[in-house]
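Before any comments, here is the structure.
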Amino acid sequence: MSGTTLLDQGRRAGSGSAGASGLGARISAHRTFYLMVSPFFVLFALFGLIPIVAAFWIGFTDWDGLNPARFVGLDNYVAIVTDPAFGKAVFNTVYIWVGSTLLTVGAAFVLAYLINEYVVFGRSFLRMVFLLPLLAAPAVIAIIMSVLFSTNAGLVNAFLSAVTGDRVTYEWLASTGWIKPIIIVMIAWRFLGFHMLLFVAGLQSIPRELYDAARVDGAGGWQVFARVTFPLMLPIIFFSATSSTVGAFQLFDEPYVLTNGTGGTDQAAEVLGTMLYRTAFTDFRFGMASALSWVMFALIAIFTIVNSRLLRVRV
Numbered sequence: 156m157s158g159t160t161l162l163d164q165g166r167r168a169g170s171g172s173a174g175a176s177g178l179g180a181r182i183s184a185h186r187t188f189y190l191m192v193s194p195f196f197v198l199f200a201l202f203g204l205i206p207i208v209a210a211f212w213i214g215f216t217d218w219d220g221l222n223p224a225r226f227v228g229l230d231n232y233v234a235i236v237t238d239p240a241f242g243k244a245v246f247n248t249v250y251i252w253v254g255s256t257l258l259t260v261g262a263a264f265v266l267a268y269l270i271n272e273y274v275v276f277g278r279s280f281l282r283m284v285f286l287l288p289l290l291a292a293p294a295v296i297a298i299i300m301s302v303l304f305s306t307n308a309g310l311v312n313a314f315l316s317a318v319t320g321d322r323v324t325y326e327w328l329a330s331t332g333w334i335k336p337i338i339i340v341m342i343a344w345r346f347l348g349f350h351m352l353l354f355v356a357g358l359q360s361i362p363r364e365l366y367d368a369a370r371v372d373g374a375g376g377w378q379v380f381a382r383v384t385f386p387l388m389l390p391i392i393f394f395s396a397t398s399s400t401v402g403a404f405q406l407f408d409e410p411y412v413l414t415n416g417t418g419g420t421d422q423a424a425e426v427l428g429t430m431l432y433r434t435a436f437t438d439f440r441f442g443m444a445s446a447l448s449w450v451m452f453a454l455i456a457i458f459t460i461v462n463s464r465l466l467r468v469r470v
């Protein structure tokens with residue numbers, strides 16, 4: 156019995172040595188390839204993996220960036236979820252996410268469908284026109300919107316004054332009810348062309364034979380859309396909604412510029428991105444900021460899963 160055991164151990168050791176030598180031989184045989192791809196992994200480790208691990212560790216500490224970090228365990232996470240400002244930032248972020256996603260994705264899908272079905276000439280020109288806002292910096296767009304909605308010299312108040320005959324000096328950017336819809340309009344205007352381009356590509360990839368077969372079977376226009384177009388476009392819609400979710404939870408430029416970094420009246424425009432910036436670079440609580448970044452990551456993952464469940468799409 157012991158002889159058999161020793162024999163088995165020898166075989167395993169031999170196979171392990173052979174596997175190790177085989178791996179070394181493969182590396183030696185493809186040494187040039189590994190040398191060529193090694194800079195990517197080195198850069199990823201330096202600027203990707205190590206910062207991620209460091210941020211995770213800093214989230215469990217109390218650190219101001221200058222003094223030595225002090226381990227506090229889960230205190231940062233407890234302080235975040237119990238902070239009323241965090242709850243308001245989450246509400247504002249979800250509000251803007253839902254509004255901007257519905258407006259952007261819905262309008263982009265309608266425009267893409269109209270362009271694909273009814274526009275014969277000038278499709279490339281229309282795609283270029285709708286993509287132009289994406290080239291502008293978010294801060295520049297926010298400055299333009301702040302000028303449009305300015306209290307005394309804004310074009311919106313000037314238009315309302317011309318229509319009503321009375322001087323209108325409404326403070327749009329100071330309003331707790333209007334600041335979030337203005338941000339939603341900014342996001343929709345900026346990303347409409349990007350999502351429209353995705354939908355146009357998806358619509359053009361649907362074989363025309365499916366439409367012809369549906370019409371031969373007696374399906375009307377709405378039935379063709381509901382039974383053919385929409386089901387086949389669900390993966391594109393899911394991708395569009397997911398990208399909108401990630402973008403909404405990383406929102407920073409628009410609310411920060413519109414409110415001059417204050418978060419607006421009663422923090423009506425305070426989102427998770429501005430709260431993270433203020434915690435890290437105004438209050439210098441880097442431990443709290445690192446914990447907040449991981450909370451944001453968890454929220455993005457949760458709402459992405461919610462999107463996939465609602466659209467009945469398996470990732």
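Using the working numbering, the first residue of the sequence shown is number 156, and each one after it goes up by one. Think of the CB as a built atom: it goes at the ideal place given N, C-alpha and C, for glycine as much as any other residue.
Residue pairing by DSSP puts R225 in a beta bridge opposite D217. Counting only runs of 4 or more residues that sit fully inside the region 434-460, no alpha helix (DSSP H) segment turns up. For V249, the closest alpha carbon among the candidates I339, A294 and S330 is that of I339. By the neighbour-count criterion, in which a residue is buried when 16 or more other Cβ atoms sit within 10 angstroms of its Cβ, S279 is exposed.
Around the beta carbon of M283, fewer than 16 other beta carbons sit within 10 angstroms, so the residue counts as exposed. When the beta-carbon positions are compared, S395 and L353 come within less than 8 Å of each other. Secondary structure note for L315: its alpha helix (DSSP H) is the uninterrupted segment L310 to T319.
Around the Cβ of Y411, a 10 Å sphere holds 16 or more other Cβ atoms; the residue is buried.
By the C-beta density criterion, E272 is exposed, having fewer than 16 other C-beta atoms within 10 angstroms.
Each residue's CA atom was taken as its position, placing W327 and A368 some 52 Å apart. A contact is defined here as three or more CB-CB pairs under 8 Å, and the region 382-401 meets this definition with respect to the region 443-463.
Note on geometry: alpha-carbon atoms of A424 and G416 lie some 10 Å from one another.
Selection S183, Q359 and S445 evaluated against G214 yields S445 as nearest (Cα-Cα). Fewer than three beta-carbon pairs drawn from the region 311-326 and the region 376-385 are found closer than 8 Å, and the two stretches are therefore not classed as touching. In the displayed model, R278 falls within a helix according to three-state DSSP. Taking C-beta separations shorter than 8 Å and ignoring five residues to either side along the sequence, W377 has no partners in its chain.
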